[in-house]
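Protein chains in written order, with our numbering: chain A, 1 to 413; chain B, 1 to 246.
Some notes on the structure that comes next.
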């Protein structure tokens, strides 16, 4: 028994030694044939990895606009007259407390006049609560986003965009730069943060203002284009219970406002769309990856087949030494599998370097990705597994051809 | 002890048009340990086919053939492969060294299939055998850097490193000049003598054939005894008729 086990172990070691010997001796050819596989695996892993980053970039872009899944937006109206924002705000907070909702924000648009050094300008204001930053992934380049304590400031806190900050002369935020806001009254506000430019179109000054501060400041004469400031009421809730929570919150909010109130609600995040919105992207990525891999496999099979034809004599010689058909089959297959495994590892390594490089990140919009995904493990595993599978498949054909070699003819080949 | 026993062995192949072609017919042959047998014949007479049958590389289509103690027609392919590796050594006309490998690696190659202690000691065994054939100083030379005679000596070392009981030499001097050919034959014979192996040589060269103790001729697929013409010290011993071998 022990002897048989030792013999089996010896045969296995000998086969591996033989495969490595073959790889070493034929390293030039192997290298050439495996460059194609390594490139294919690299392309496959890069496409999958870059696809994940592109998906994350797209997700984050959508989350900036529509909020993270699941973001529910409620709109309140009154049939008896204009809705009192402060009264509605109190009812909203009460409903949130009763439903244990951790993240919520009022969201609306307004405008305030800002006297810049080169003249006064009406600046568009996005009116929010502090949680909005988390709910909509607001990235802050300089300074910070709003904190809860900012609601208590006498001088309202502002988070301005890059264009606004540039008009102020880019003062250091540590010096608490002050800017005058003109609405129903004139107040000094403090810039606490700056959002980076969102692109070439982002050239007009704009700002985020906290809702409570804005309500006290809003012009007595509403902007004719935007009308009266009426915020929407957003909350970020678990996806699984969003529908039930929305219904319950609508009712609680409506009854909190009082007689004549109507509350509508809907989800604003991308995940509310039926089906997987990234399915077309995923299918495209998968399709490209499969085509790339097939091309790599085709190249390898071609090289392997041609190689076996040139190695017929060698195979015959080995058979004359006592190499069995099974041993020759396994040896040729092992050569291919071991080689493609190494090529797969190399390809994935190059792919990681490519995907993680700053250039690739920027090309995919990575510069604005808040949660930059790591190199997807599945991309690495798919790459290596595909390489081994290709190696096995590509090795199978020449291995079968090697077994079918007629020893006598092979030696004289 | 008898290593090969052939009784009425025949080998027929089917041609492309479906008609049969008899390559060997009614071959009777017995080879014992230590025998020196030469086989001559014209091209196409079936010499190589006979060598392939004796080397377990091919199967007869008629008759009985026992090699190294087994009935080859009733033995599985894997067993024949193992028997071939363990007990038969081939020396080819074109040397057939594995390209890209050194002399030492070439001689080690058969030991990859030995599956026993010899595998683990393959380097030492290969060194010893190369030393034995006078190439102890050319261990790391690749075939393309060796002369014809040296290549054939590497091939001999490779054929004999597993101490085969039967050595099959197919025109071993066909690619060498006369002097080198004689040296190579002397080497094969002396190494075979050390191990007691039987040596079967297929050749066109009368002087090489004359070195054997039994002389056979293949004529149109039939094996017959052969009388050697007296020539330059060569043996004039009458070959044993195949059928009367035992």
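In this text, a Cβ means the ideal position worked out from N, Cα and C, and glycines have one as well.
Sort out for me which residues DSSP pairs residue i with in a bridge.
{"i": "residue 162 of chain B", "result": "Looking at the DSSP assignment, residue 162 of chain B forms no beta bridge with any residue, so it has no partner."}
{"i": "residue 341 of chain A", "result": "According to DSSP, which records beta bridges pairwise, residue 341 of chain A is partnered with nothing at all."}
{"i": "residue 270 of chain A", "result": "Note: residue 270 of chain A sits in no beta bridge, so no partner."}
{"i": "residue 109 of chain A", "result": "A/126"}
{"i": "residue 115 of chain A", "result": "A/120"}
{"i": "residue 235 of chain A", "result": "A/72, A/104"}
{"i": "residue 30 of chain B", "result": "B/5"}
{"i": "residue 159 of chain A", "result": "A/193, A/208"}
{"i": "residue 180 of chain A", "result": "A/188"}
Give the single residue among the options whose Cα lies nearest to the Cα of residue i.
{"i": "residue 203 of chain B", "options": "B/51, B/96, B/71", "result": "B/51"}
{"i": "residue 76 of chain A", "options": "A/258, A/351, A/308, A/127", "result": "A/258"}
{"i": "residue 390 of chain A", "options": "A/283, A/38, A/25, A/7", "result": "A/38"}
{"i": "residue 300 of chain A", "options": "A/212, A/123, A/392", "result": "A/392"}
{"i": "residue 217 of chain A", "options": "A/263, A/173, A/246, A/154", "result": "A/154"}
{"i": "residue 114 of chain A", "options": "A/220, A/180, A/302, A/331", "result": "A/180"}
{"i": "residue 196 of chain B", "options": "B/163, B/143, B/81, B/56", "result": "B/163"}
{"i": "residue 209 of chain A", "options": "A/183, A/200, A/324", "result": "A/183"}
{"i": "residue 104 of chain B", "options": "B/81, B/87, B/8, B/128", "result": "B/128"}
{"i": "residue 139 of chain A", "options": "A/290, A/298, A/187, A/196", "result": "A/196"}
{"i": "residue 230 of chain A", "options": "A/67, A/5, A/109, A/56", "result": "A/109"}
{"i": "residue 53 of chain A", "options": "A/355, A/286, A/244, A/383", "result": "A/355"}
{"i": "residue 302 of chain A", "options": "A/200, A/9, A/34", "result": "A/34"}
{"i": "residue 403 of chain A", "options": "A/298, A/124, A/324, A/136", "result": "A/324"}
{"i": "residue 388 of chain A", "options": "A/187, A/338, A/376", "result": "A/338"}
{"i": "residue 218 of chain B", "options": "B/33, B/13, B/37, B/14", "result": "B/37"}
{"i": "residue 199 of chain B", "options": "B/55, B/9, B/108, B/10", "result": "B/55"}
Closer than 8 Å by beta-carbon distance: list the chain B residues that pair up with residue i, in chain order.
{"i": "residue 49 of chain A", "result": "By Cβ distance, chain B contributes nothing, its closest Cβ being about 38 Å from residue 49 of chain A, past 8 Å."}
{"i": "residue 4 of chain A", "result": "Here the premise fails: no neighbours, minimum Cβ distance about 11 Å."}
By the 10 Å Cβ neighbour count, where 16 or more other Cβ atoms means buried, how is residue i classified, buried or exposed?
{"i": "residue 60 of chain A", "result": "buried"}
{"i": "residue 20 of chain A", "result": "exposed"}
{"i": "residue 22 of chain A", "result": "buried"}
{"i": "residue 204 of chain A", "result": "exposed"}
{"i": "residue 176 of chain A", "result": "exposed"}
{"i": "residue 347 of chain A", "result": "buried"}
{"i": "residue 145 of chain B", "result": "exposed"}
{"i": "residue 97 of chain A", "result": "exposed"}
{"i": "residue 153 of chain B", "result": "buried"}
{"i": "residue 240 of chain B", "result": "Confidence in residue 240 of chain B is poor, its pLDDT being 37 and thus under 50, which makes the residue's placement unreliable; the coordinate value appears in the next sentence. When all chains shown are included, residue 240 of chain B counts as buried."}
{"i": "residue 86 of chain A", "result": "exposed"}
{"i": "residue 190 of chain B", "result": "exposed"}
{"i": "residue 65 of chain A", "result": "exposed"}
{"i": "residue 47 of chain B", "result": "buried"}
{"i": "residue 49 of chain A", "result": "buried"}
{"i": "residue 141 of chain A", "result": "exposed"}
{"i": "residue 83 of chain B", "result": "buried"}
{"i": "residue 245 of chain B", "result": "Low local confidence applies: a pLDDT of 39 at residue 245 of chain B is under 50, so the model's placement there is unreliable, with the coordinate-based value given in what follows. Buried, since its Cβ has 16 or more Cβ neighbours within 10 Å."}
{"i": "residue 88 of chain A", "result": "buried"}
{"i": "residue 284 of chain A", "result": "exposed"}
{"i": "residue 382 of chain A", "result": "buried"}
{"i": "residue 232 of chain B", "result": "Here residue 232 of chain B scores only 43 on pLDDT, less than 50, and its place in the model is too uncertain to base an answer on."}
{"i": "residue 238 of chain B", "result": "Residue placement at residue 238 of chain B cannot be trusted, given a pLDDT of 36 that sits under 50; what the coordinates show is reported in the next sentence. That one is exposed."}
Can you list the residues of chain B that residue i reaches, using a CB-CB cut of under 7 Å?
{"i": "residue 411 of chain A", "result": "92, 96"}
{"i": "residue 17 of chain A", "result": "112"}
{"i": "residue 292 of chain A", "result": "In chain order: nothing, as chain B lies at least about 32 Å away."}
{"i": "residue 10 of chain A", "result": "115, 116, 119"}
{"i": "residue 317 of chain A", "result": "96, 98"}
{"i": "residue 462 of chain A", "result": "Because residue 462 of chain A is not part of the residues shown, which for chain A are 1 to 413, the question remains open."}
Please confirm whether any heavy atom of the ligand ADP lies closer than 7 Å to the CB of residue i.
{"i": "residue 387 of chain A", "result": "Here there are no bound small molecules, and the ligand ADP is not part of this structure."}
Residue i versus chain B: which residues are under 9 Å apart at the beta carbon?
{"i": "residue 7 of chain A", "result": "115, 116"}
{"i": "residue 314 of chain A", "result": "96, 98, 99"}
{"i": "residue 25 of chain A", "result": "98, 99, 100, 101, 105"}
{"i": "residue 402 of chain A", "result": "Per Cβ cutoff of 9 Å: no residues; residue 402 of chain A is ~14 Å from chain B at best."}
{"i": "residue 399 of chain A", "result": "The contacting residues do not exist; residue 399 of chain A stays about 16 Å from chain B at best."}
{"i": "residue 343 of chain A", "result": "The contacting residues do not exist; residue 343 of chain A stays about 21 Å from chain B at best."}
At a CB-CB cut-off below 8 Å, which residues of chain A make contact with residue i?
{"i": "residue 77 of chain B", "result": "324, 325"}
{"i": "residue 201 of chain B", "result": "The premise fails here: residue 201 of chain B is roughly 16 Å from chain A at the closest Cβ pair, so nothing lies under 8 Å."}
{"i": "residue 165 of chain B", "result": "Simply none; closest approach about 13 Å."}
{"i": "residue 82 of chain B", "result": "322, 324"}
What does residue i touch in chain A if you count any residue whose Cβ is under 7 Å from its own?
{"i": "residue 86 of chain B", "result": "322"}
{"i": "residue 12 of chain B", "result": "Ordered by position in chain A, no residue passes the 7 Å Cβ test against residue 12 of chain B, which lies about 15 Å from the chain."}
Exercise. Counting pairs of Cβ atoms below 8 Å between the stretch 11-24 of chain B and the stretch 50-69 of chain B, do you hit three or more?
Worked result: yes
Exercise. When the Cβ atoms of the stretch 91-109 of chain A are set against those of the stretch 23-38 of chain A, are three or more pairs found closer than 8 Å?
Worked result: no
Exercise. Three or more beta-carbon pairs under 8 Å between the stretch 396-412 of chain A and the stretch 4-23 of chain B, yes or no?
Worked result: no
Problem set entry | Sufficient close CB pairs (3 or more, under 8 Å) joining the stretch 88-100 of chain B to the stretch 164-177 of chain B | yes
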